[in-house]
Every structure is written in structure tokens, then in C-alpha cells.
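Colleague: Final position of the sequence shown in UniProt numbering is 354; the numbers increase by one with none missing. All C-beta atoms, glycine included, are put in the ideal place defined by N, C-alpha and C.
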Amino acid sequence: MLFTLMLCLLEFYGIKVSSNNLPFVSALSLTVGLLLVFRNNTAYDRYWEGRKYWTQIHTNARTFGRVLAVNLNDTADNSEKDKENALSLLLTLCKKIKDDLRSESEITIENSLGSWLKKLKEPASLENKSQDELEPKVQKITNEPKIVLKPRDTPNTNIIEAIIQLGMFIKQQKTKGSIDNGSAGVLELMVSEISNAHLGCQRIARTPISPAYMIHLEQVLALYCITFPFSIVGSLGFLALPSAFVVFYVLIGIFRIGSEIENPFGFQYNDLPLDKYCKNIEDDLNDCLSLAKKYKQKPQTDQAKQILKSNTQDAKDVKQNNETGTYEAFEAATTNNAGKNNGVKDAFVEMNAT
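Below, the structure written as C-alpha cells:
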């Protein structure tokens, strides 16, 4: 804005600095528009895709709770406790996914490789030796692994641990016969779908838009903001100040919107409300458990019994009406036939008398 004000003052004091015919400004405005549209479309696609993944997590968690609460047999004494533990573990899995997506730790080469960088150093056996002096060595074949993976205390490790525990729970219940194979397959599928949704969310959170594209967009936007006042100062005068302000506000606002929604898993106002989603999942799992317990203890409510009683009485009335209607129709037909017979008899007697 100060640069635009300076151009307005120079133009006001008779120093010609503007031109109404600047073709490169028009070409630059087209370039800026295309870059901003692509930037915002990409950012919104990431935002909407993250929302769809959390809908998938919510749907699969609710299906898991419903199938487990309804189909797990209540023959064992600890069946209700097993349901509560499994659903609590599922809720913990969803919350761990939320914590993992909101992790602010940066992934660097040193952190991801760790001790591997130390192993890439030149071995001590090669010091002070040329290539010709190396002797061939035969390594024994063993079944022991060269590298032993140790568990790490990270959010991702906790997520994998929860997934494995849910899988072991399903296998244990299927082995005991507490759940049928079909329901167990559905539960395993739901856990797998939640894991796939988590990986999709990780792809969004861990793969930002290319820095090269962002740097180029910022440079082009700055260049356009510098050259744009030259095309309007001569015709608008001091009105170029509010005009340039509106144009700059719109362009920078569009740019900032893309930056705000690029990663939808943060704590900011424009990010997805992951805490609310986890609370909704918790409410649905509690409803599945409580409603299944309620209807198993009392399979028919008073309203259902009243409806059944009313339908039974209606069926009896219909049957009685049908029987009464059949009897009345039979009596009417008999009376009609008797009348016809009497008429035939009278006609025959009259004919004989003649």
C-alpha cells in the first residue's frame, strides 16, 4: 500500500509512472488466478478427504459396536465385561488416531534413520587395506534375524498395538465359540477399515503441498502486487489506493484460505473438530452396549406387546365377521332357492288344472 501511495504522489506531481496499456499485467493476473485456483482446490480436496476418512472411522466403529453387542453370546459370566473392554479398546484406538494426526513432531532424516546412520560408516576391517588385500569370507546361514525390532513408545506404535489386541480378542472369542464366524469376519473387516482410514489420514497429514509450488506462487503473487498499481494509478488517481487494497485483500485472502485448510487435523478454528468426532463415537458405542443389554433382558416392550395383542384381536374379529357373512349369504341363497322352487311348483299346478 505504501508503494501504491508513492506512485499516486508521483503521478499527482506530474511524474508519469503509470500506463494503461501493460499487457504483462494482464498475463500475470491470469497466471496468478490459475495458480490460486489450483492451490485452493488441492487444499479443499485434502480437507474434504480427511472428513470422509473420519466418517469412515465413525461408521466402522459403530458397526463394530453393534455387531459385537448383539452377536457376542451371553453364556459366559464375563461376556459383558469383555464387550466393555473391547469397545473401550476401540475408543482408545480412535483417540490414538486423533493424537497421532495432531502430533507436531517433525520427521527428519536423522530421526527416521536413527542408528542406521552409524552403521553406514566405513567398517573397521577396511581401514588401511586396499581392495586387493580383501579376503573372501563365508557367512554361516542361521535362522536368527540380523535385526531385532524393538517396540517404540510412539503414537503409531500404540495404534498398532490396539489393532493387534482387537484382532486377538476376536480370535479368542471365536475360539471359545462366543461368536460365529460371520460376525467375527465383520469385526475383523471393521478393524481393517479403520486402519486403512488412519493410513489415509496419515497420507494427508504427512504429505504437504510441494514447497517449490508454494515458493513459486508466493513470488508470482508478490510480483503481481507490485506491478498492478502501475496499471490503475493513471486512470484512478488516489482512488487507486482503495482499489489496490481490495484486490490485494482478495488475493491474499484466497491464498491464506488454502494455507488454513491444507492440513485439516490441527487445533485451529478452521480445522476438523476431531475431539467432537471422538465424543460422537464414544456416545454411539455406549448406546450400542446399553441398548443391546436392554433389549436382551426385555425383548418385547409394553408397546410391542400392546401392538401384538391389538393385531391378534383384529384378526379374531375379521375371522368372526367372515364366518357371519358366510352364514348370512348361505341363508339368503337358501331362501332365494326356496322361493324359486315354490314358483315352479305353482306354475306346474296351474298348467295341470287347465
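I'd like to know if the region 29-39 and the region 242-258 are in contact, where contact means that at least 3 CB-CB pairs between them fall below 8 Å.
Modeller: Yes, since at least three Cβ pairs between the region 29-39 and the region 242-258 fall closer than 8 Å, the two stretches touch.
Colleague: Does the Cβ of Met190 have 16 or more other Cβ atoms within 10 Å, making it buried, or fewer, making it exposed?
Modeller: Locating residue 190 in the sequence shown gives position 190, counting from the first residue. Buried, because 16 or more other Cβ atoms sit within 10 Å of the Cβ of Met190.
Colleague: Could you give the first and the last residue of the continuous alpha helix (DSSP H) run that contains Pro211?
Modeller: One-based indexing of the sequence shown puts residue 211 at position 211. Per DSSP, Pro211 belongs to the alpha helix (DSSP H) from Pro211 to Thr227.
Colleague: May I ask you to report which of helix, strand or coil DSSP gives Thr42?
Modeller: Here residue 42 corresponds to residue number 42 of the sequence shown, with the count starting at 1. If DSSP states are grouped into helix, strand and coil, Thr42 belongs with the helices.
Colleague: Using a Cβ-Cβ cut-off of 7 Å (strictly less than) and excluding sequence neighbours within five positions of Ile159, which residues of its own chain qualify?
Modeller: Translated into the one-based positions of the sequence shown, residue 159 becomes position 159. Result list for Ile159: Leu93, Lys96, Ile97, Asp100 and His198, in chain order.
Colleague: Could you tell me the distance, in whole angstroms, from the CA atom of Leu187 to the CA atom of Asp82?
Modeller: Residue 187 sits at position 187 when you count from the first residue of the sequence shown. Residue 82 sits at position 82 when you count from the first residue of the sequence shown. Rounded to the nearest angstrom, the two C-alpha atoms are 14 Å apart.
Colleague: Suppose the cutoff is 6 Å on Cβ atoms and the five residues either side in sequence are ignored; what does the same chain contact list for Gln56 look like?
Modeller: The residue labelled residue 56 in the question sits at position 56 within the sequence shown. Within the same chain, Gln56 has close Cβ partners Ala197.
Colleague: Less than 8 Å separating the beta-carbons of Arg46 and Glu262?
Modeller: Walking along the sequence shown from the start, residue 46 turns up at place 46. Walking along the sequence shown from the start, residue 262 turns up at place 262. Yes. Within cutoff.
Colleague: Can you list, in chain order, the residues of its chain with a C-beta nearer than 7 Å to that of Leu91? Leave out the 5 residues immediately preceding and following it.
Modeller: Translated into the one-based positions of the sequence shown, residue 91 becomes position 91. These residues qualify, in order along the chain: Ile281, Glu282 and Leu285.
Colleague: Buried or exposed: Asn270, going by 16 or more other Cβ atoms within 10 Å of its Cβ?
Modeller: In the sequence shown, counting from the first residue as 1, residue 270 sits at position 270. Under this definition Asn270 is an exposed residue.
Colleague: What are the start and end residues of the alpha helix (DSSP H) that includes Arg206?
Modeller: By one-based count along the sequence shown, residue 206 stands at place 206. From DSSP, the alpha helix (DSSP H) with Arg206 extends over Asn181 to Arg206.
Colleague: What number of angstroms, rounded off, separates the C-alpha of Asp153 from the C-alpha of Ser103?
Modeller: Counted from its first residue, the sequence shown places residue 153 at position 153. Counted from its first residue, the sequence shown places residue 103 at position 103. Since pLDDT at Asp153 reaches only 47, below the 50 mark, its modelled position is unreliable, and no value is offered.
Colleague: Return the residue from the list Lys294, Tyr295 and Val250 that minimises the CA-CA distance to Gly33.
Modeller: On the sequence shown, position 33 is the one that residue 33 refers to. Comparing Cα-Cα distances from Gly33 to each of Lys294, Tyr295 and Val250, the minimum goes to Val250.
Colleague: So, for Ser183: in the same chain, excluding its five sequence neighbours on each side, which residues have a beta-carbon less than 6 Å away from its beta-carbon?
Modeller: For the purposes of this step, residue 183 is taken as the residue at position 183 of the sequence shown. Excluding sequence neighbours, Ser183 sits near Val67 and Asn71.
Colleague: What is the rounded straight-line gap between the Cα of Asp287 and the Cα of Asp275?
Modeller: Here residue 287 is taken as the residue at index 287 of the sequence shown, counted from 1. Here residue 275 is taken as the residue at index 275 of the sequence shown, counted from 1. Going from the Cα of Asp287 to the Cα of Asp275 covers about 18 Å.
Colleague: My understanding is that Ile194 touches Ala61, with C-beta atoms under 8 Å, so please give their C-beta distance in whole angstroms.
Modeller: The count along the sequence shown starts at 1 and reaches residue 194 at position 194. The count along the sequence shown starts at 1 and reaches residue 61 at position 61. The pair is a contact, with the Cβ atoms about 7 Å apart (cut-off 8 Å).
Colleague: Could you spell out the range, first to last residue, of the alpha helix (DSSP H) harbouring Asn73?
Modeller: As a first step, residue 73 is located in the sequence shown; it is residue number 73 there, counting from the start. No alpha helix (DSSP H) contains Asn73, which DSSP labels as neither H nor E.
Colleague: What are the start and end residues of the alpha helix (DSSP H) that includes Leu91?
Modeller: Walking along the sequence shown from the start, residue 91 turns up at place 91. Counting along the chain, the alpha helix (DSSP H) containing Leu91 begins and ends at Ser79 to Leu101.
Colleague: Check Asn60 in the structure and name its three-state DSSP category.
Modeller: To locate residue 60, count along the sequence shown from 1; it is residue 60. Asn60: helix per DSSP, three-state reduction.
Colleague: Within a Cβ cutoff of 8 Å, which residues of the same chain sit near Ser79, ignoring the five residues on either side of it in sequence?
Modeller: On the sequence shown, residue 79 is found 79 positions in, with the first residue counted as 1. If we look at Ser79 and ignore the five residues flanking it on each side, its Cβ neighbours are Leu72, Asn73 and Ser178.
Colleague: Would the beta-carbon of Ala162 fall within 8 Å of that of Leu241?
Modeller: Translated into the one-based positions of the sequence shown, residue 162 becomes position 162. Translated into the one-based positions of the sequence shown, residue 241 becomes position 241. Against a cut-off of 8 Å, the Cβ pair of Leu241 and Ala162 comes out as no contact.
Colleague: Less than 8 Å between the CB atoms is what I'm expecting for Phe265 and Gly50, so what's the real figure, rounded?
Modeller: As a first step, residue 265 must be located in the sequence shown, where it is residue number 265. As a first step, residue 50 must be located in the sequence shown, where it is residue number 50. About 6 Å; that satisfies the 8 Å criterion.
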